[in-house]
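This report concerns only the one structure given below.
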Amino acid sequence: MADALADIFLAQFGLLDVEVWVELFAGGAGAGLHLLDRGVVDEVWLTEKNRELAAFWRTVVDNGVELAGRVRACQPDMSTWHTAREVVASSEAGAAITDLELAFAALIINRCSPNLFGGSLAVYGREEADPIVGGRRSWPPLVGSVLLFDVLLHD
């Protein structure tokens with residue numbers, strides 16, 4: 022989808038070059054990152070109201086290599102998933118959680134849940150120690166994605 026959006030945007034250039042792409046709902050920031058990667062825009066500005074997603078993008082920009090290291094070192098299981106939910110709940114209740122911790126928790130929930138709402142995998146018969154492989158998205162390729170974001174946003 023991001024690639025298609027980038028193509029549509031490219032086809033609609035007027036007389037002025039677009040130097041800055043502002044993504045109001047950063048979520049995956051797909052369109053902006055594609056345009057940045059292609060050299061169509063010089064800068065991407067991300068804004069995000071969701072606390073967890075905002076922490077993710079701040080961490081990618083400020084500490085992407087460490088986040089990638091945490092992803093690389095983790096083999097998520099149900100215990101990891103429950104811990105991530107607790108971190109997010111604590112943050113929403115006003116606890117001081119570092120961006121790195123919140124970003125990592127958001128990744129666990131987002132990538133290892135069977136649906137977009139972060140529902141428990143226990144309904145699928147998983148035990149606490151079962152590794153979560155093939156949740157909503159594949160876990161191992163995330164290391165490369167986080168490092169690529171880090172390179173794109175610092176180049």
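Going left to right, the sequence shown walks through residues 22 to 176 as the working numbering numbers them.
Virtual Cβ for every residue (Gly too), placed ideally from N, Cα, C.
Given a length threshold of 3 residues, each whole run of the beta strand (DSSP E) inside the stretch 58 to 129 is given here in chain order: 64 to 67.
Rounded to the nearest whole angstrom, the CA to CA distance from G115 to L54 is 31 Å. Of the candidates G60, L74 and R59, L74 places its Cα closest to the Cα of A47.
In the DSSP assignment, E44 falls within the beta strand (DSSP E) that extends over V41 to E44.
For Q33 and L26, the gap between their C-alpha atoms comes out near 11 Å. I29 and A50 have their C-alpha atoms some 16 Å from each other. For A124, the closest C-alpha among the options D58, A52, T80 and L67 is that of T80.
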